[in-house]
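Each residue of the sequence shown is one higher than the one before, counting from 961 in my numbering. First comes the structure, then the notes that go with it.
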Amino acid sequence: MLYAIKSHLNVARYFWIGATLVFLSALRRELSFLSDALVPEDFVFIGQSYDWWEDAALLVITLTALGLLIYARRYVWAVLKEVPKKLYIVTAILVVVQYVAENEMGFSTVSGNIIEELCEVIIYIIAFVYLWRFKLDDFNSRFIHKS
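Printed below as a string of structure tokens:
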């Protein structure tokens, strides 16, 4: 029994680390302009350009996150079932509005850009707050008792 509890705790941590890596990767994508502003174009490290190193690091992070989430797939599924349905609906609406605004369907260029970025910010805030407020120990104890 003790091994099962420790095993579930490890899976929970793998889930949380994987989810955090996904969130940070998405945030990094949104802040991609910073590398253009802060890194010189001719930057070379061990014979490779900054873009190569950036792509390599992002690949490692993505594969790590994917591996952790696949390892914790039952836990991921249990978490996804616990998320309030209203949150899925709000997020889906924001994604649709973001897509429509980005492609200027019924929006001018300026208002479309503003609405697109605003929707993305709201989605990131929702993800951050949900991940921040996620009580790993509380959920884990419920998950262990259900298993």
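Where a beta carbon is used, it is the ideal one built from N, C-alpha and C, also for glycine.
F1003 - DSSP class collapsed to helix/strand/coil: The residue labelled residue 1003 in the question sits at position 43 within the sequence shown. Three-state DSSP puts F1003 in coil, outside helix and strand.
Spell out the partners DSSP gives S1009 in its beta bridges. Here residue 1009 corresponds to residue number 49 of the sequence shown, with the count starting at 1. Beta-bridge analysis with DSSP links S1009 to V1004.
Thinking just about the alpha-carbon of each residue, which of G1007, F983, N970, V1060 is nearest to the one in W1092? Taking the sequence shown and counting its residues from 1, the one referred to as residue 1092 is at position 132. Minimum Cα distance to W1092 is reached at F983.
G1027: which of L981, V1081, I1075, E1080 sits nearest, CA to CA? Here the question's residue 1027 lines up with position 67 in the sequence shown. Nearest Cα to G1027 within the set L981, V1081, I1075, E1080: L981.
Beta-carbon contacts of I1082 that lie in its chain and below 8 Å, excluding the five residues immediately before and after: Here the question's residue 1082 lines up with position 122 in the sequence shown. Within the same chain, I1082 has close Cβ partners L1054.
Are V971 and A1032 touching if we call contact CB-CB under 8 Å? Position 11 of the sequence shown, counted from the first residue, corresponds to residue 971. Position 72 of the sequence shown, counted from the first residue, corresponds to residue 1032. In this structure, the beta-carbon distance from V971 to A1032 falls below 8 Å.
Which listed residue (S985, E1076, I1085, F975) has its alpha carbon closest to that of V1060: On the sequence shown, position 100 is the one that residue 1060 refers to. Out of S985, E1076, I1085, F975, E1076 has the C-alpha closest to the C-alpha of V1060.
With a threshold of 16 other CB atoms inside 10 Å of the CB of G1066, please say whether the residue is buried or exposed. One-based indexing of the sequence shown puts residue 1066 at position 106. It is exposed - the Cβ of G1066 has fewer than 16 other Cβ atoms within 10 Å.
If the criterion is Cβ atoms closer than 8 Å, does the pair G1072 and E1062 meet it? On the sequence shown, residue 1072 is found 112 positions in, with the first residue counted as 1. On the sequence shown, residue 1062 is found 102 positions in, with the first residue counted as 1. Yes, Cβ-Cβ distance for G1072 and E1062 is below 8 Å.
What do you reckon, are the CB atoms on G978 and A1017 nearer than 8 Å? Position 18 of the sequence shown, counting from 1, holds the residue named residue 978. Position 57 of the sequence shown, counting from 1, holds the residue named residue 1017. Contact: no.
Own chain residues within Cβ distance below 7 Å of Y1035, not counting five before or after: For the purposes of this step, residue 1035 is identified with residue 75 of the sequence shown, where counting begins at 1. Excluding residues within five positions, the ones whose Cβ falls inside 7 Å are V971, A972, F975, F1103.
In chain order, what residues of the same chain have a beta carbon less than 7 Å from the beta carbon of E1064, not counting five sequence neighbours either side? The count along the sequence shown starts at 1 and reaches residue 1064 at position 104. Only residues of its own chain outside the window of five on either side were considered, and among them G1072 have a CB closer than 7 Å to the CB of E1064, listed in chain order.
Taking 7 Å as the limit between beta carbons, can you name the residues of its chain near M961, skipping five residues before and five after? The residue labelled residue 961 in the question sits at position 1 within the sequence shown. At M961, the pLDDT of 40 sits below 50, so the modelled position is not reliable and the matter cannot be decided from this model.
Between which residues of its own chain and L987 is the CB-CB distance below 8 Å, once the five residues before and five after are set aside? Taking the sequence shown and counting its residues from 1, one reaches residue 987 at position 27. Correct list, in chain order: Y1084.
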